[in-house]
Amino acid sequence: MLVLGIETSCDETGIALFDSEKGLLGDALYSQVALHAEYGGVVPELASRDHIRKTLPLIEQVFAESGIKAEQLDGVAYTAGPGLAGALLVGAGIARSLAYGWKIPAVAVHHMEGHLLAPMLEKEPPAFPFVALLVSGGHTMLVNVEGIGRYQVLGDTLDDAAGEAFDKTAKMLGLSYPGGPAVAALAEKGEPDKYRFPRPMTDRPGLDFSFSGLKTFTLNTWQDSTQSEQDRADIALAFETAVVETLAIKCRRALQQAGTRSLVIAGGVSANTHLRQKLEEMVKKEKARVYYPRLEFCTDNGAMIAFAGCQRLLAGEHENLAFTARPRWDLESLPAI
Ligand code: KG4
Ligand code: ZN
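Our numbering applies: residue 49 is where the sequence shown begins, and numbers increase by one.
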């Protein structure tokens with residue numbers, strides 16, 4: 049089965065072709081980072097308009113590069129949520145219209161399901177069951193995954209998502225958007241152990257997260273410092289270390305609680321090098337294994353949507369002519385296949 053995937057939930061237009069027999073046949077990504085940079089964050093209306101400009105040309109590009117023609121397709125998968133309402137509507141409208149014109153089914157994909165299945169695009173995919181840590185700009189979740197659509201949320205954030213905390217910290221430190229990579233790059237120049245920041249909610253049982261207090265702690269430390277370049281780097285490192293260690297502690301607990309030895313990590317923050325190193329160390333001690341998507345599929349992309357959509361279409365799922373956009377969408381409500 050050959051599926052076109054369309055991702056437009058936030059500030060990236062992602063297009064891909066996934067074939068259930070041959071694997072990934074092509075993908076392309078257009079990032080709106082430059083468009084939003086001068087505003088210091090994503091401007092939803094600008095995001096929607098840019099998706100309108102980019103989606104069709106990017107689909108044509110992927111077709112041309114992979115030598116695939118529309119007639120060969122068996123279905124169209126698109127991100128229906130969660131995400132920015134306007135941005136989702138663009139992708140949903142285009143996907144549904146193309147599927148209608150091509151007389152093939154369309155399927156609405158949950159963005160976080162896309163992220164959590166993304167490591168399955170790699171050569172050595174994880175087997176079910178596994179625990180997934182989903183860390184993106186909008187989510188920080190630990191999920192027990194027993195199969196596709198069989199998701200039990202073990203822990204969630206009570207306030208800011210991990211990526212959001214990176215983005216807000218970057219802003220406080222005067223760094224550019226997007227904040228995660230900027231904080232991570234600056235942290236490389238930081239002196240370890242200059243500061244020790246709290247590891248929120250690790251002193252009590254449970255798998256929920258909270259990053260808002262850590263963000264305030266970071267701001268106060270920055271304001272009380274001499275605000276030199278070295279202070280900025282030291283604080284970036286202390287913040288990053290606190291987030292990374294907090295995530296690692298909770299992942300270890302989640303593996304123990306779920307009784308599995310496979311950990312999947314996905315979403316934009318999973319691109320963070322220190323997080324990957326820390327999780328590698330942790331799973332070694334636990335005699336477990338950690339699986340990631342390749343770097344370019346950690347952040348938003350069309351491949352994960354084409355893959356997840358293909359699995360659902362293979363299971364016979366598709367929708368009627370009314371397309372879906374769900375800015376808020378509970379992961380646990382998805383049907384099992
Ligand atoms: O999954 P994603 O591309 O979009 C959402 O679905 O939110 O994740 C984007 C988030 C942003 O908050 C960004 O700052 C963060 O991932 N991020 C990182 C890194 N690369 C991206 N955070 C920490 N370190 C990184 N290297
Ligand atoms: Zn995402």
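Note that beta-carbon positions come from the ideal geometry of N, C-alpha and C, so glycine has one too.
- Message: Looking only at its chain, what residues have a beta carbon closer than 7 Å to the beta carbon of residue 83, apart from the 5 residues adjacent to it on each side?
- Response: Non-local C-beta neighbours of residue 83 in its own chain, meaning closer than 7 Å and more than five positions away in sequence, comprise 94 and 98, ordered along the chain.
- For the alpha helix (DSSP H) containing residue 305, list its first residue and its last residue. Residue 305: member of the alpha helix (DSSP H) spanning 277-306, first to last residue.
- Starting from the C-beta of residue 175, find all residues in its chain whose C-beta is less than 8 Å away, skip the five residues before and the five after it, and write them out in chain order. Closer than 8 Å at the Cβ level, and outside the excluded window around residue 175, lie 310.
- Task: Could you pull the start and end residues of the alpha helix (DSSP H) that residue 109 belongs to?
- Result: 92-114 is the span of the alpha helix (DSSP H), which, as asked, contains residue 109.
- Message: Let me check you understand the geometry: is the CB of residue 274 closer than 8 Å to at least one non-hydrogen atom of the ligand KG4?
- Response: Taking the Cβ of residue 274 as the reference point, every heavy atom of the ligand KG4 lies at 8 Å or farther away.
- Is it the case that the Cβ atoms of residue 155 and residue 124 are separated by a distance below 9 Å? Yes.
- Ignoring anything shorter than 3 residues or poking outside the stretch 159-226, list the beta strand (DSSP E) runs there in chain order. Every beta strand (DSSP E) stretch that sits fully inside the stretch 159-226 and reaches 3 residues is listed by chain position as 178-183, 188-195 and 198-204.
- Message: With a threshold of 7 Å on Cβ separation, who are the neighbours of residue 159 within its own chain once the five nearest residues in sequence on each side are excluded?
- Response: Within the same chain, Cβ atoms closer than 7 Å to the Cβ of residue 159 are found at 57, 127, 129, 130 and 131, the five residues on either side in sequence being excluded.
- Apply the 10 Å Cβ neighbour rule to residue 223 and answer buried if 16 or more other Cβ atoms are within range, or exposed otherwise. By the neighbour-count rule (16 or more Cβ atoms within 10 Å), residue 223 is buried.
- With a 10 Å radius around its C-beta and 16 neighbouring C-beta atoms as the bar for buried, classify residue 274 as buried or exposed. By the 10 Å Cβ count, residue 274 comes out exposed.
- Message: Could you check whether the Cβ of residue 347 sits closer than 8 Å to any heavy atom belonging to the ligand ZN?
- Response: Yes - the ligand ZN has a heavy atom lying nearer than 8 Å to the Cβ of residue 347.
- Item | alpha helix (DSSP H) runs contained entirely in the stretch 297-367, provided each spans 4 or more residues | As far as the stretch 297-367 is concerned, its whole alpha helix (DSSP H) runs of at least 4 residues are 321-334 and 350-362.
- Message: With a threshold of 6 Å on Cβ separation, who are the neighbours of residue 74 within its own chain once the five nearest residues in sequence on each side are excluded?
- Response: Excluding residues up to 5 positions away in sequence, 65, 110, 113 and 114 lie with their Cβ nearer than 6 Å to the Cβ of residue 74 in the same chain.
- Query: When the Cα atoms are used, what is the spatial distance from residue 220 to residue 245?
  - Reply: Distance between residue 220 and residue 245, taken at the CA atoms: about 16 Å.
- residue 72, DSSP secondary structure in three states: It is a strand residue.
- Tell me which same chain residues have a C-beta within less than 6 Å of the C-beta of residue 214, skipping the five on either side of it? Within the same chain, residue 214 has close Cβ partners 227, 228 and 231.
- So what's residue 373 in DSSP terms, helix, strand or just coil? In the structure shown, residue 373 sits in coil (DSSP, three-state: anything other than H, G, I, E or B).
- When DSSP builds the beta bridges, which residues end up paired with residue 67? DSSP lists 50 and 71 as partners of residue 67.
- Identify the continuous alpha helix (DSSP H) that holds residue 133 and give its terminal residues. Looking at the DSSP string, the run of the alpha helix (DSSP H) that includes residue 133 is 133-150.
- Task: Would you list the one or two residues that DSSP bridges to residue 129?
- Result: Residue 129 is bridged to 158.
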